[in-house]
Structures are given as structure tokens and as C-alpha cells.
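Read in order, the letters of the sequence shown correspond to residues 0 to 140 in numbering that gives the first Met the number 0.
No residue lacks a Cβ here, since even glycine has one placed at the ideal position from N, Cα and C.
Source: prediction; values computed, not measured.
Shown next, in C-alpha cells, is the structure this report addresses.
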Amino acid sequence: MHAAGTMLAFKVTEQRRPMWTWLMPAVYFLAAAGCVVTKLRDPSAEVGVQGALVAVGFVAVWAVPGVFTSRSARVSVTERGLRVDGRPIVIHEATVEPLSRGAGSLRVRAADGLRTFVFGSYADAQRVLQMLSPSAAPATA
Numbered sequence: 000m001h002a003a004g005t006m007l008a009f010k011v012t013e014q015r016r017p018m019w020t021w022l023m024p025a026v027y028f029l030a031a032a033g034c035v036v037t038k039l040r041d042p043s044a045e046v047g048v049q050g051a052l053v054a055v056g057f058v059a060v061w062a063v064p065g066v067f068t069s070r071s072a073r074v075s076v077t078e079r080g081l082r083v084d085g086r087p088i089v090i091h092e093a094t095v096e097p098l099s100r101g102a103g104s105l106r107v108r109a110a111d112g113l114r115t116f117v118f119g120s121y122a123d124a125q126r127v128l129q130m131l132s133p134s135a136a137p138a139t140a
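So this is what it looks like as C-alpha cells:
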């Protein structure tokens, strides 16, 4: 399953929220503010449908982003560094942390922000860290 030039490849789970999920609470609060403004401008206005939509939206706006906090990804280490789903990423710093049930997470500070990859095995996460260039791994005392 190794492509040409690939030294290691793993199926992992990336813990990262898509940008649109960060916007959902803001959109919800704008809609709720619109309902409040409508009621303040016209006290005789019924809140019925708008109020029901705001109430239903309150649950969804916090639950839906939680569903999209992780995704399946393929991490591979090549001679040129780390690739995620075939795309190279520029690494500034990388660390490994143990998780429950023998799993491990590789935290990478990349050019596009902090990214966390959960490996099924802590040893696999350590092996990926060791294979990255020395500039990616912080010096240990």
C-alpha cells in the first residue's frame, strides 16, 4: 500500500473542525437577534414560528459542529516530509502524546495552523515523529 517514495503510510483520524462549523453559532445568534428585534418593533407580532425555529436551531447549532470535528485521513511520511491525503504540509513543530487504549496523537504546528492526528497505536505516532526531519521535532533535554 506504499506509493513510490512513501516510507510509511497510516490511516488516521484528524481532529479539526471545518471553518463553516465555527460560523454556525454566529448565524444562529443573528437569527435569534432578528426575532427579538421583530418582537420589539411590533409587540403585537406573534413569535410562534420564529420562536420555534430559534428554539430548534439552538440544539442544532451546537450539535452539528460536534459531528464534524474529526475526519478520516491518510498520513504518509516521505523523503520530503509529511503528507496528508497526498498533500505535503509544512511543519514547524511536532509532538506525540499517548492516548487511552494504546492510541497516540501527533500534534503538528503547520503553516495552516495546529493539526492533530490520532493514530491507533502510540508506537506508530512515535515512528512518524522520528522519521520527520530533525527541524520538525523539538530538541529534548
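**Message:** Restricting to Cα atoms, I'd like to know which of Tyr27, Ser120, Pro97, Met130 is closest to Glu78.
**Reply:** The candidate whose alpha carbon is nearest that of Glu78 is Met130.
**For Thr12, the three-state DSSP class (helix, strand or coil)** = Thr12 sits in a strand when the DSSP states are folded into three classes.
**Request:** Alpha carbon to alpha carbon, how far is Glu45 from Val83? Give it in angstroms, no decimals.
**Result:** Cα to Cα, the separation comes out at about 52 Å.
**Item:** Those runs of the alpha helix (DSSP H) which lie wholly inside the stretch 53-99 and span at least 4 residues
**Value:** Taking only runs of at least 4 residues, no alpha helix (DSSP H) segment lies wholly in the stretch 53-99.
**Request:** Compare the beta carbon distance of Ser71 and Ala8 with 9 Å and say whether it is the shorter of the two.
**Result:** No, they are not a contact pair.
**Asked** What's the call for Arg114, buried or exposed, on a 16-neighbour Cβ count within 10 Å?
**Response** It counts as buried.
**Request:** Label Leu98 either buried or exposed according to how many other C-beta atoms from any shown protein chain fall within 10 Å of its C-beta, with 16 as the threshold for buried.
**Result:** Burial call: exposed.
**Message:** For a test of the three-state rule: what should DSSP assign to Gly119, helix, strand or coil?
**Reply:** Gly119 sits in coil when the DSSP states are folded into three classes, being neither helix nor strand.
**Prompt:** CB-CB under 6 Å to Arg108, same chain, minus the five flanking residues each way: which ones, in chain order?
**Reply:** Taking C-beta separations shorter than 6 Å and ignoring five residues to either side along the sequence, the partners of Arg108 in its chain run His91, Glu92, following chain order.
**Request:** Decide if Leu22 is buried, meaning its Cβ has at least 16 other Cβ atoms within 10 Å, or exposed.
**Result:** By the beta-carbon neighbour count (other beta carbons within 10 angstroms, threshold 16), Leu22 is exposed.
**Asked** Terminal residues of the continuous alpha helix (DSSP H) containing Gly33?
**Response** Per DSSP, Gly33 belongs to the alpha helix (DSSP H) from 18-40.
**Item:** Any non-hydrogen atom of the ligand PLP within 8 Å of Phe67 CB
**Value:** Among the components of this structure there are no ligands whatsoever, and the ligand PLP is therefore not found.
**Among Val89, Glu96, Tyr121, Gly103, the one whose alpha carbon lies nearest that of Ala110** = Considering only alpha carbons, the answer is Val89.
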